[in-house]
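Numbering (my numbering), first residue to last: 14 to 390. Each residue gets a CB set at the ideal place from its N, CA and C atoms; glycine is no exception. Here is the structure we will look at.
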């Protein structure tokens, strides 16, 4: 399988919702499913997803501090900041490893204790969070192009606004997820009293919030999977198979990693005071690995649909690009560089040939014999 096609090479691919393709994953044959599962694992390795997840981890860590600043500032507008910090930390205790929590807690507390007003801190945090998150979304789009074996063809004046829009939607959904987790116990009762809801409604919310959170995360992943790559996807799915699998893999991996850190690893002896931060980085890296695995599964499911429909997709997934202009421009520049390099090589070869012919005309000379000079007047 090729690493990537230029966008123009895929311009003639069949439509994403070609009538010959199976409409739903349940329409795939058992043989197709076996092929999809096998190639998902192999493509995950072939696309160097370990390295891609490391790059995504870098951008994710950059967005953590401003996101926490915006979160605590937002909560500070509706309640006591110190109480809200305790609620945020308490909610996270059962969701992330203890060493990860030891890194996040000081960041939340410092944001709450800052001297900047809550409104200004919220505005500053939102701007910084959007800027940092846009870097993550852009990197995720490049990773998705690798997954779908295509290069980026959208011009910058189209790509950047689209990525910014996806970033805004991503941040809003992420904020709703965090708010859903925080709105529990005393905080939920306080909000319920403020809007006129009774204790029964709050009790129902404490149970119903978990399906809501999972649905929001699945929608968030579906948006990232659908809009960031430079391929025309089949009709938008609010919850994709890859998104569901990514969530399940992330949950299982987080539990396993938490057990490993608590019972088997000795990061404290190796990294000392940096142990908590190292564990936090590893956990974010594992999270991104799960997201990329889900993306690979969606990509291979599309390949399975195409193969079952008789489309030649064994080498590359046959989805048409969203745009080819940037890719075509890069290809033209590359061809220009190749032609200039060829001209340079030919000119150098001709120069060496002239020197060789001149040497043959002069004939051989003894090592100490001086070169002949023209003494004609």
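Quick one: using the 10 Å Cβ neighbour count with 16 as the cut-off for buried, is residue i buried or exposed?
i: residue 69; result: buried
i: residue 248; result: exposed
i: residue 311; result: buried
i: residue 240; result: buried
i: residue 147; result: buried
i: residue 315; result: buried
i: residue 300; result: buried
i: residue 265; result: exposed
i: residue 76; result: buried
i: residue 359; result: exposed
i: residue 217; result: exposed
i: residue 238; result: buried
i: residue 256; result: buried
i: residue 325; result: exposed
May I have the straight-line CA-CA distance separating residue i from residue j, to the nearest angstrom?
i: residue 145; j: residue 185; result: 14 Å
i: residue 290; j: residue 313; result: 35 Å
i: residue 329; j: residue 308; result: 15 Å
i: residue 43; j: residue 333; result: 27 Å
i: residue 5; j: residue 286; result: Nothing can be reported for residue 5, as the shown portion of the chain is limited to 14 through 390.
i: residue 51; j: residue 327; result: 13 Å
i: residue 342; j: residue 169; result: 12 Å
i: residue 277; j: residue 223; result: 30 Å
i: residue 273; j: residue 293; result: 13 Å
i: residue 229; j: residue 197; result: 17 Å
i: residue 383; j: residue 363; result: Note that residue 383 scores 49 on pLDDT, short of 50, meaning its location in the model is unreliable; the coordinates nonetheless yield the value given after this. Cα to Cα, residue 383 sits roughly 27 Å from residue 363.
i: residue 65; j: residue 140; result: 26 Å
i: residue 242; j: residue 158; result: 5 Å
So the alpha helix (DSSP H) residue i belongs to, where does it begin and stop?
i: residue 307; result: 288-321
i: residue 183; result: 169-195
i: residue 48; result: 43-59
i: residue 274; result: 254-276
i: residue 229; result: 212-240
i: residue 284; result: 280-284
When the distance is taken between beta carbons, is residue j closer than 8 Å to residue i?
i: residue 321; j: residue 45; result: yes
i: residue 340; j: residue 164; result: yes
i: residue 317; j: residue 33; result: no
i: residue 253; j: residue 296; result: no
i: residue 303; j: residue 263; result: yes
i: residue 225; j: residue 193; result: yes
i: residue 336; j: residue 20; result: yes
i: residue 166; j: residue 338; result: yes
i: residue 54; j: residue 161; result: no
i: residue 156; j: residue 305; result: yes
i: residue 331; j: residue 27; result: yes
i: residue 269; j: residue 250; result: no
i: residue 72; j: residue 142; result: no
i: residue 227; j: residue 260; result: yes
Any heavy atom of the ligand GDP closer than 7 Å to the beta-carbon of residue i?
i: residue 299; result: The ligand content of the structure shown is nil, which means the ligand GDP is not present either.
At least 3 beta-carbon pairs within less than 8 Å: the region 171-184 vs the region 340-355: No, because fewer than three Cβ pairs between the region 171-184 and the region 340-355 fall closer than 8 Å, the two stretches do not touch.
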